[in-house]
Amino acid sequence: MPNGTQLIDRLVRKALIRYQRAEVVKAAKDKARYMYVQTLRAVKAAASDDGDNGDKTAATKMAVVYKRYALSDAKSFNTLFFEDKAAVIQLLDAFESRAGKFAIKGFPYKLGFLLHGPPGTGKTSLIKAIAQYTKRHIVTISLAKIKTNQQLMNAVFDLRFKVEGKDLPVNLTFKDVVFVLEDIDCASAIVNSRESSPSKPARRPSVSS
1 MPNGTQLIDR LVRKALIRYQ RAEVVKAAKD KARYMYVQTL RAVKAAASDD GDNGDKTAAT
61 KMAVVYKRYA LSDAKSFNTL FFEDKAAVIQ LLDAFESRAG KFAIKGFPYK LGFLLHGPPG
121 TGKTSLIKAI AQYTKRHIVT ISLAKIKTNQ QLMNAVFDLR FKVEGKDLPV NLTFKDVVFV
181 LEDIDCASAI VNSRESSPSK PARRPSVSS
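Counting in full-length UniProt numbering, the sequence shown runs from 1 upward without gaps.
Set out below in structure tokens:
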């Protein structure tokens, strides 16, 4: 017969499983779209011995977490006006329906935009309009916070996002997401060298979906 400790452990496991199932059901019912903004948070690593005195010290490391903000449908192509709007919408339609070049077998099924310009020129508005038009979430990744190729691979391909205030990670699929890569102009020495040229405009984020 299990003792008291085993009974408590069993009860806790059952409660955790029930809670996790309830959270999954809750997430499935949530039809809102969100913007996930990457940030860094200091977390304590496993304790280690500190010298010969046997004291334990807990080192801290920086972990990637996301803040989440609800998106509205107010920012759309109906409220956005620029010269190439019709061409952008036509390209999005072809991408969503796998038409045109996206219907070619073996052609990469991805679409990217490189946006550049000073603040206030509509980059964020265009990103939100693309997300609204395609009914997707926005995941913002700051390349200034990415230190290794593995971190970038994890951010883009893992599709599990630890969100502040949420006990369970948010799972998404590629068809749910518009990725925004910020600070792409400082991501490599090559781009930095181009930035110094007066004939090249400063390039800001890129958007892929």
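Think of the CB as a built atom: it goes at the ideal place given N, C-alpha and C, for glycine as much as any other residue.
What you are looking at is a predicted structure, and each value in this text was computed from that prediction instead of being measured.
Can you tell me whether DSSP reads Thr134 as helix, strand or coil? As a working note, residue 134 is residue 134 in the sequence shown. Residue state, collapsed to three classes: helix.
Euclidean distance between Cα positions of Lys29 and Ala22: Taking the first residue of the sequence shown as position 1, residue 29 is located at position 29. Taking the first residue of the sequence shown as position 1, residue 22 is located at position 22. Cα-Cα distance, rounded: 11 Å.
Which term fits Met35, buried or exposed, when burial requires 16 or more other beta carbons within 10 angstroms of its beta carbon? Translated into positions along the sequence shown, residue 35 becomes position 35. Per the 10 Å Cβ criterion, buried.
So does the region 99-115 actually touch the region 145-156, counting three or more Cβ pairs closer than 8 Å? no
Here's the rule I'm using: 16 or more other beta-carbon atoms within 10 Å means buried, otherwise exposed. How should Ala202 be labelled? Here residue 202 refers to the residue found at position 202 of the sequence shown. Note that Ala202 scores a pLDDT of 41, beneath 50, so its modelled location is shaky and nothing firm can be said.
Under the assumption that Leu181 contacts Ile141 (Cβ atoms under 8 Å), give the Cβ distance between them as a whole number of angstroms. Here residue 181 is taken as the residue at index 181 of the sequence shown, counted from 1. Here residue 141 is taken as the residue at index 141 of the sequence shown, counted from 1. Rounded, the Cβ-Cβ distance is 5 Å, consistent with contact.
Distance between Val177 and Ser206 (C-alpha atoms, nearest Å): To locate residue 206, count along the sequence shown from 1; it is residue 206. To locate residue 177, count along the sequence shown from 1; it is residue 177. Below a pLDDT of 50, predicted positions are generally treated as unreliable, and Ser206, at 42, falls in that range; the measurement from the model is reported next regardless. Each residue's alpha carbon lies about 14 Å from the other.
Would you tell me roughly how many angstroms separate the C-alpha atoms of Ala87 and Val12, rounded to the nearest one? Here residue 87 refers to the residue found at position 87 of the sequence shown. Here residue 12 refers to the residue found at position 12 of the sequence shown. Straight-line Cα distance between these residues: approximately 56 Å.
Span separating the alpha-carbon of Phe77 from that of Leu126: Taking the first residue of the sequence shown as 1, we reach residue 77 at position 77. Taking the first residue of the sequence shown as 1, we reach residue 126 at position 126. Roughly 8 Å separates the two Cα atoms.
Among residues of its own chain, excluding the 5 on either side of Lys85, which ones have a beta-carbon nearer than 7 Å to its beta-carbon? Locating residue 85 in the sequence shown gives position 85, where the first residue counts as 1. So the qualifying residues of the chain are Phe77.
For the alpha helix (DSSP H) holding Gly4, just list the boundary residues, first then last. Translated into positions along the sequence shown, residue 4 becomes position 4. Its alpha helix (DSSP H) spans residues 4-29.
In or out: Leu16 buried (at least 16 other Cβ within 10 Å) or exposed? Here residue 16 is taken as the residue at index 16 of the sequence shown, counted from 1. The residue is exposed, with fewer than 16 neighbouring Cβ atoms inside 10 Å.
Range of the contiguous alpha helix (DSSP H) that encloses Val178: Taking the sequence shown and counting its residues from 1, one reaches residue 178 at position 178. Not the alpha helix (DSSP H): Val178 falls in the beta strand (DSSP E), residues 177-182.
Whole-Å CB distance - Leu71 paired with Ile138, under 8 Å assumed: The sequence position of residue 71 within the sequence shown is 71, counting from 1. The sequence position of residue 138 within the sequence shown is 138, counting from 1. Contact holds; Cβ gap of about 7 Å.
State buried or exposed for Phe81, treating a residue as buried only when at least 16 other CB atoms are found within 10 Å of its CB. Taking the first residue of the sequence shown as 1, we reach residue 81 at position 81. With fewer than 16 Cβ atoms within 10 Å of its Cβ, Phe81 is classed as exposed.
Exposure label - Tyr69; buried when at least 16 CB within 10 Å: Position 69 of the sequence shown, counted from the first residue, corresponds to residue 69. Burial call: exposed.
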